[in-house]
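Please read the structure below before turning to the comments.
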Amino acid sequence: MTTLETSATIGSPAAIPAPVPGAARLAYRQFRYWVTYTRRTWRGTLLSAVCGPALYLTAMGVGLGTLVDQGHNLPGGVRYLDFVAPGVLAATAMQGAFGEATYPVLGSVKWFGNYWAAVNTPQRPEDVMAGHAALALLRNSVIVGIFFAFMTGFGTLHSALALLAWPAAVLTGAAFMLPIMAYVITLDSDHQLNTLFRFVMTPLFLFSGTFFPWQQLPQWAHPIAYATPLWHGVELCRSLTLGTATWAGSLIHVAYLLVFALGGFAAARITFRRRLYR
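All you need for our numbering is the position in the sequence shown, starting with 1, plus 22.
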């Protein structure tokens, strides 16, 4: 090295490292990736998101509901459509959560590699998880909101508190989505997902009071119903739309769902870090 180069090197200021963005900004970068992905794929889900609620509520109200209403056996003497619609609202949020938290997560780490690409940037595994979860919750909120709009059109809202059924259903979806994401990121194949859909989602959909009063279940099954997040989501949404909600009961349901959602978020931070940093 020449004398001139040496003196220039000694006299030059030290290189200042670029500041690392905060966690919120890093998570937002992952969120923007999924927004871009959704903008290119949303048309595939639009038809089912719009036509599904219309067909479902028509079948329940005009078809099966007509037969059930002849018996007048529902609690409070409500129409079957008024009874089943908020239950299906919560169940739709659960089904959407399963869809968002299973194959997109496993595909990102197993087949498509976008998680691995993300952690080779300043994004950490917890940022990747938070950004993906935020977009998944947003997508689920839109689907639930479309269903809620059809419920309004079918005249199933009977209380000013019914507007809170939409965020209640979104919370129900979060109570499933985040724990499922924490589990799915640990998998190496999709074989376990079939078990998850068949032996977890389907029984919950059928036996959590969505289609019939849960009191008609055998007495031994009541504690099982109480323990499921979907039962709490169904009861919360139904009480809000029918105008039978109480502060104590609603707070219990919300607290139970929050425990699952926040617990799932904490668990997902751990499992994402273990999988993506190994």
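C-beta atoms are modelled at their ideal positions from N, C-alpha and C, and glycine is treated no differently.
Note that the structure is a prediction, hence the values are computed from the model and not measured.
Whole-number beta carbon distance between residue j and residue i, since they are thought to touch under 8 angstroms
| i | j | result |
| --- | --- | --- |
| residue 267 | residue 183 | 6 angstroms |
| residue 295 | residue 147 | 4 angstroms |
| residue 197 | residue 166 | Actually they do not touch by this definition, with Cβ atoms about 13 angstroms apart. |
| residue 298 | residue 150 | 7 angstroms |
| residue 277 | residue 199 | 18 angstroms between Cβ atoms; not a contact. |
Buried versus exposed call for residue i [16 or more other C-beta atoms within 10 Å across all chains shown]
| i | result |
| --- | --- |
| residue 124 | buried |
| residue 117 | buried |
| residue 169 | buried |
| residue 87 | buried |
| residue 162 | buried |
Residue-level contact to chain B via CB, residue i, 8 angstroms cutoff
| i | result |
| --- | --- |
| residue 284 | Included in the structure is just one protein chain, with no chain B present. |
Where residue i sits in the DSSP three-state scheme
| i | result |
| --- | --- |
| residue 272 | helix |
| residue 209 | coil |
| residue 31 | For residue 31, the pLDDT reaches just 47, beneath the cut-off of 50, and the residue's location in the model is therefore unreliable, leaving the point undetermined. |
| residue 251 | helix |
| residue 267 | coil |
| residue 154 | helix |
| residue 176 | coil |
| residue 60 | helix |
| residue 142 | coil |
| residue 135 | coil |
| residue 231 | coil |
| residue 124 | coil |
CB of residue i within 8 angstroms of CB of residue j, strictly
| i | j | result |
| --- | --- | --- |
| residue 290 | residue 204 | yes |
| residue 96 | residue 173 | no |
| residue 230 | residue 250 | yes |
| residue 51 | residue 153 | yes |
| residue 233 | residue 109 | yes |
| residue 187 | residue 259 | yes |
| residue 279 | residue 194 | yes |
| residue 275 | residue 257 | yes |
| residue 8 | residue 79 | No statement about residue 8 is possible, as the shown extent of the chain runs from 23 to 300 and does not include it. |
Check your understanding: With a cut-off of 8 angstroms, do at least 3 Cβ pairs link the region 137-153 to the region 211-230?
Key -> no
Practice item. Count the C-beta pairs between the region 252-265 and the region 98-111 that are closer than 8 angstroms, then say yes if the count reaches three, no if not. Key: yes
Review point. Is there contact here, the region 156-176 with the region 186-203, by at least three beta-carbon pairs under 8 angstroms?
Key: yes
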